[in-house]
Each structure stands twice: as structure tokens, then as C-alpha cells.
Amino acid sequence: MNYISDIKEYIQQKISNGAEVGYYIKNVKIKARKGVIGEKIITIMNNGLKETQSTVLNEGDMIITNPSGEQYRVSADIFKERYTADPDNNGEYFPNPIPQKMLFLTEDISFRAYWGEDMHIKKGGTLNITDYEIGHIYGIQPSEFQETYTSYSIMDEDKKN
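Here the sequence shown is numbered in numbering that gives the first Met the number 0, starting from 0 and rising by one per residue.
Right under this line is the structure:
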């Protein structure tokens, strides 16, 4: 696995060299609960790969469980922006239709994620570069990406108007 010491520079180089970038929307309902300050969340994928870990740092941080079982922590602000409670199912949430900018990987990489822990992403996975400018970059494994995201284009937005 190739360790990337400067993930922003890596992304700039990949885009300059014509890497595939696209917009996608999360399309699956998730389960979530409030985390406990100090709680460690280890993100383990279906294939047993330890993708990353994080620690609940703030009151209101949420622990998300995707349909395939992997768990991860998000801040209260990000959670409120990206999810809406399912009124019929306590603890379940629909993703808000917010387009996310993704860079597709052609190699296995590891890098330091914005929460301060290493992240390991396999070839065919993606980097979420939506908030690239502020350094909020994270990866999604290939199968988990295929299971939880759908393509989005500006033409989709035009069809709504």
C-alpha cells in the first residue's frame, strides 16, 4: 500500500493527470447513535480490512452504521447537514441529497485523514474531495462505495427545475 504524506498534493497531481472525478449522492438509509466522549470507533470493512479509527471528541458526535455494517464517527454539524431522521424508524436516517465530489483511485493508498488517524483505501475506491479546500478528505472502499452511492450530474438538477 502506497503511503501518501501529502494527500492534497496527491489529489492535485491525479487531477492534473486526468484522474476520473465525478459527483455522487449517498443513496442508502443508515443507522446512527450519539457517541460517548472518549469512545474509539474502529472502522472494519466486510473483507476484514481495518480502514481507520477515530475517537468521539465532542458532545453530539454521531456513530454511523452503514447497511453493510461498517461504522464511523462524524461530527454533529456534518451529521445535521447530511442526514434526516426517518420518522417511522427510531435511530434510522435518510441521507440528504447533497452531491459529493469523488476521485477514483487506481492504486491502494494510505494517508492521514483529517481526524488525525491513518486511513487505508483499496484500488477502485474513492476519495471524497468535496471539502478538499479545507482538508476534509476521506476515502471509501470500492464495494462500500458501490453499495451506498449513486451517480449524480448537473443534468439531474436541471431536470428538477
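In this text, a Cβ means the ideal position worked out from N, Cα and C, and glycines have one as well.
Can you name, in chain order, every residue of its own chain whose Cβ lies under 8 Å from the Cβ of Lys-122, other than the five neighbours on each side?
Contacts found: Leu-104, Thr-105, Glu-106, Asp-107 and Pro-141.
Please work out which residues of its chain come closer than 7 Å, Cβ to Cβ, to Lys-30, disregarding the five sequence neighbours upstream and downstream, and give them in chain order.
Counting only Cβ-Cβ distances below 7 Å, and skipping sequence neighbours, we find Thr-64, Gly-90 and Glu-91.
Starting from Ile-128, follow the beta strand (DSSP E) in both directions and report where the run begins and ends.
Residues 125-130.
Should Lys-158 be labelled buried (16 or more other beta-carbon atoms within 10 Å of its own) or exposed?
For Lys-158, the pLDDT reaches just 49, beneath the cut-off of 50, and the residue's location in the model is therefore unreliable, although a value from the coordinates is still provided. That one is exposed.
For the alpha helix (DSSP H) containing Thr-147, list its first residue and its last residue.
Following the DSSP letters along the chain, one finds Thr-147 inside the alpha helix (DSSP H) bounded by residues 141-147.
How about Gly-17 and Lys-100: are their beta carbons less than 9 Å apart?
No. Outside cutoff.
With a threshold of 6 Å on Cβ separation, who are the neighbours of Ser-109 within its own chain once the five nearest residues in sequence on each side are excluded?
Excluding residues up to 5 positions away in sequence, Met-0, Tyr-2, Asp-117 and His-119 lie with their Cβ nearer than 6 Å to the Cβ of Ser-109 in the same chain.
Which listed residue (Glu-132, Gly-134, Asn-127 and Ile-133) has its alpha carbon closest to that of Tyr-148:
Closest by alpha carbon: Asn-127.
Looking at the secondary structure, which residues open and close the alpha helix (DSSP H) in which Ile-10 lies?
Its alpha helix (DSSP H) spans residues 6-15.
Taking the Cβ atom as the reference point for each residue, do Arg-81 and Ile-6 lie within a distance shorter than 9 Å?
In this structure, Arg-81 lies away from Ile-6, with their beta-carbon atoms at least 9 Å apart.
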